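Since the structure comes first, as structure tokens, the remarks are kept for the end.
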Amino acid sequence: MGEPVKVMSTFGSIYGHRPEVALRLKGIPYELLLEDLPNNKSELLLTCNPVHKLVPVLLHGDRSICESLIIVEYIDEAFKGPPLLPAEPYERATARFWAQFIDQKFARPFWMSICMADGDKEEEEEDFLKEAKANLLLLEGQLKGEEVLWRRHH
1 MGEPVKVMST FGSIYGHRPE VALRLKGIPY ELLLEDLPNN KSELLLTCNP
51 VHKLVPVLLH GDRSICESLI IVEYIDEAFK GPPLLPAEPY ERATARFWAQ
101 FIDQKFARPF WMSICMADGD KEEEEEDFLK EAKANLLLLE GQLKGEEVLW
151 RRHH
């Protein structure tokens, strides 16, 4: 058996689920360590992610890896099993682009709308929802093969 694998996350974190999905796809057993965020961060979390002090964090033996997309790439490279990212560089870059797109253009605005003060919420929330819907349409077009933003030039 290899080094122990643990995932530090919190209930309902879309970012925290990425490492879990990647580990399951690779068939790697792991222990889930749930954090009570945002007000009760464990000493382990503060030690393993001293820069951002956020989840997810992957613990692999005595190493810690932070940031969900970086964790997924680490899992893909460090563990045997089916590849998570395409082997071809263009396809791999495209997958990374869309993962960042989801974070920056959908997930981040969604969470910002939830965290806003009540007085600012209604108009800003409506703007965030409009932006999120437009961005999901772009993603949907890409998934349907319309290659909205990325095109091969022949």
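Here the UniProt record's numbering is used: position 12 in the sequence shown is 12, and no number is missing along the way.
Idealized CB from N, CA, C, for every residue including glycine.
Small disclaimer: the values here were computed from a predicted structure and weren't measured.
I'd like to check one pair, residue j with residue i: are the Cβ atoms closer than 8 Å?
i                : j             : result
glutamate 3      : glycine 61    : yes
valine 7         : leucine 46    : no
valine 5         : isoleucine 28 : yes
phenylalanine 97 : leucine 139   : no
glycine 81       : lysine 130    : no
Report the rounded CA-to-CA distance for residue i versus residue j, giving the unit in angstroms.
i             : j                 : result
proline 83    : proline 89        : 13 Å
leucine 37    : serine 13         : 10 Å
leucine 85    : leucine 143       : 16 Å
leucine 137   : arginine 92       : 22 Å
aspartate 103 : phenylalanine 128 : 14 Å
glycine 141   : asparagine 135    : 10 Å
alanine 87    : arginine 24       : 20 Å
tyrosine 30   : threonine 94      : 29 Å
alanine 99    : glutamate 126     : 24 Å
isoleucine 70 : glutamate 122     : 34 Å
Please return the same chain residues whose Cβ sits closer than 7 Å to the Cβ of residue i, not counting the five positions on each side in sequence.
i             : result
asparagine 40 : none
valine 72     : Arg18, Pro19, Ala22 and Leu84
If you drop the 5 nearest sequence neighbours on each side, which residues of the same chain put their C-beta closer than 8 Å to that of residue i?
i            : result
glutamate 35 : Met8, Ser9, Thr10, Lys41, Ser42, Leu45 and Val55
cysteine 48  : Met8, Val57, Leu59, Ser64 and Cys66
glycine 145  : none
If I measure Cβ to Cβ from residue i and keep anything under 6 Å in the same chain, skipping five residues before and after, which residues do I get?
i         : result
serine 68 : Tyr15, Arg18 and Pro56
Quiz item: Can we say the region 69-89 touches the region 45-55, given the rule of at least three CB pairs closer than 8 Å?
Solution: no
Quiz prompt | Within the region 37-89, ranges of the beta strand (DSSP E) (whole runs, at least 3 residues) | solution = 57-60 and 63-66
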